[in-house]
């Protein structure tokens, strides 16, 4: 049977960190999936940077609900691709987020991603985002808008091959 | 090594079934995924729901649910702690014949010692101007036990409702190494 969903790397933080980066990602897959189980030193929004690009090249739209209200939220020309709105990290509870990065290794199109952020105390988010760059993605960094990622947080990167 | 692996599939047979159960779940994966294509026999309902319990536990479930349906504005509600997991979506008896809804559970770190957080996403379609829906929820089971069994209940625990024939539920395990 063809192998179509393969672990690339997993990181479990043993000390707090400002970011987590998966580098030297090969081009042998069709899509990437990043699974995040994390807490933070303070309430923190989460995002991705590709190939260490911290320019204002990311945009995202988030459908979000917190249990009493729902809406759509937009971030344009941001320095990272935001994943969450209500599904932010917090200090005492592990929050899970899953991000799918499609066609990451092509060198023709801007790169888009789909995300889900789940914080059962705060809300539910579904996100679509784009990185306005045609380069193949060779590294993915998980970043916060404030604070640090807590020790014990886990990050798993998978590759999906079309066949 | 392939790490997205089917653990078990349940296909509901003739006459339907009030529950779908996965037992003796291996503790060797990192995350679990359940994908369901289903429909209930709930009378008078185009959109129907099902509930779940982990390890047969009747406590500790909470959720925040965001949804949109029939072209209406999206809404969001919450509940908990309650005695069953909510909210999971599928078609009911009043929807177009042979139309089944789809729901996916993603359960990370199901063997860990933390409370179990999960996402449950579902859709129903009806090929009409109503009874279609998109459902996204964040749920938690406030229990530190490893998940060893999962039971899905048509509509509610103890109800007379059933999952109809041809409803399928597949449990997958994902391993990160």
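Protein chains in written order, with the working numbering: chain A, 1 to 163; chain G, 164 to 340. All residues carry an ideal CB built from backbone N, CA and C; glycine is no exception.
For this session: Spell out whether any CB of chain G is found under 8 Å from the CB atom of residue 10 of chain A.
Result: yes
Exercise. Should the stretch 239 to 249 of chain G be regarded as contacting the stretch 183 to 200 of chain G, the criterion being three or more beta carbon pairs within less than 8 Å?
Worked result: no
Problem set entry | Exposed unless 16 or more other CB atoms sit within 10 angstroms - verdict on residue 46 of chain A | buried
For this session: Alpha carbon to alpha carbon, how far is residue 67 of chain A from residue 224 of chain G? Give it in angstroms, no decimals.
Result: 15 Å
Exercise. Who are the Cβ neighbours of residue 183 of chain G in its own chain at under 6 Å, not counting the five residues just before and after it?
Worked result: 173, 315, 332
For this session: Give me whichever residues DSSP pairs with residue 81 of chain A in a beta bridge.
Result: A:48
For this session: Kindly list, in the order they appear in chain G, the residues whose Cβ is closer than 8 Å to that of residue 63 of chain A.
Result: 229, 237, 299
Exercise. What are the residues of the stretch 193 to 207 of chain G that lie near chain A, defined by any Cβ-Cβ distance shorter than 7 Å?
Worked result: 193, 194
Exercise. Between the stretch 11 to 38 of chain A and chain G, which residues of the former have a C-beta closer than 7 Å to a C-beta of the latter?
Worked result: 35, 37
Problem set entry | the stretch 95 to 112 of chain A: positions lying closer than 8 Å to chain G by Cβ | 95, 96, 98
Problem set entry | Contact set between residue 124 of chain A and chain G, taken where Cβ atoms lie within less than 8 Å | 227, 228, 229, 239, 282, 299, 300, 301
Problem set entry | Amino acids of chain A, ordered along the chain, whose beta-carbon sits closer than 9 Å to that of residue 338 of chain G | 7
For this session: Name the two residues that bound the continuous beta strand (DSSP E) containing residue 252 of chain G.
Result: 248 to 254
Exercise. When the Cα of residue 102 of chain A is compared with those of A:148, A:115, A:86, which residue comes out closest?
Worked result: A:115
Problem set entry | Contact check, residue 298 of chain G vs residue 230 of chain G, beta carbons under 8 Å | yes
Exercise. Are any of the Cβ atoms in chain G nearer than 8 Å to that of residue 161 of chain A?
Worked result: no
Exercise. Alpha carbon to alpha carbon, how far is residue 149 of chain A from residue 200 of chain G?
Worked result: 37 Å
Exercise. Are residue 234 of chain G and residue 265 of chain G close, meaning C-beta to C-beta below 8 Å?
Worked result: no
Problem set entry | Buried or exposed by the 16-neighbour rule on C-beta atoms within 10 Å, applied to residue 77 of chain A | exposed
Exercise. When the cut-off is 8 Å and only beta carbons count, does residue 212 of chain G lie next to chain A?
Worked result: no
Problem set entry | Which of helix, strand or coil DSSP assigns to residue 273 of chain G | coil
Exercise. Going by DSSP, which residues form a beta bridge with residue 89 of chain A?
Worked result: A:44
Exercise. What separation, rounded to the nearest whole angstrom, lies between the Cα atoms of residue 176 of chain G and residue 130 of chain A?
Worked result: 44 Å
For this session: For residue 120 of chain A, go through chain G and note every residue whose CB falls closer than 7 Å to its CB, in chain order.
Result: 225, 226, 227, 280, 301, 302, 303
Exercise. Would residue 344 of chain G pass as a contact of residue 196 of chain G if the rule is Cβ separation under 8 Å?
Worked result: The structure shown does not extend to residue 344 of chain G, since chain G is modelled only from 164 to 340, so the question has no answer here.
Problem set entry | residue 57 of chain A: contacting residues in chain G (beta-carbon distance under 8 Å) | Neighbours of residue 57 of chain A on chain G: none; closest Cβ ~27 Å, over 8 Å.
Problem set entry | DSSP bridge partner residues for residue 71 of chain A (one or two, in chain order) | A:64
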